[in-house]
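J.: Would you mind keeping the following structure in view while I ask a few things?
Numbering (the working numbering), first residue to last: 50 to 134.
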């Protein structure tokens, strides 16, 4: 883990709001506003759609819809930029 997330976890304090420029910052107080801590709290294993849905209070079906839509947007962007065949 990065040094800043280790400090936050050891002290049980959230990453400061002004630290939004950190690429690991997220707005989730339960995980001390840190993506690395969230991953560690999840045992380091990938989260299922059901896990994500439970965290966000959405169904796994809705999470799947959002993921598919986001993937399609990225695919179209890459295709338009000739980065994806």
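Ideal Cβ placement from N, Cα and C applies to all residues, glycine included.
Only a predicted model underlies this, so the values are computations on that prediction, with no experimental measurement involved.
#1: Under 9 Å, do residue 98 and residue 87 count as touching if we go by C-beta distance?
#2: Is residue 83 helix, strand or coil when you go by DSSP?
#3: Who are the near neighbours of residue 75 in its chain, counting only those whose CB is closer than 8 Å to its CB and skipping five residues on each side?
#4: If you count every other CB in all the chains shown that lies within 10 Å of the CB of residue 112, and 16 or more means buried, which is it?
#5: Is the beta carbon of residue 63 less than 9 Å from the beta carbon of residue 52?
#6: Using the rule of at least 16 other Cβ atoms within 10 Å of the residue's Cβ for burial, across every protein chain shown, is residue 61 buried or exposed?
T.: Judging by the given coordinates:
#1: no
#2: strand
#3: 82, 83, 84 and 87
#4: buried
#5: no
#6: exposed
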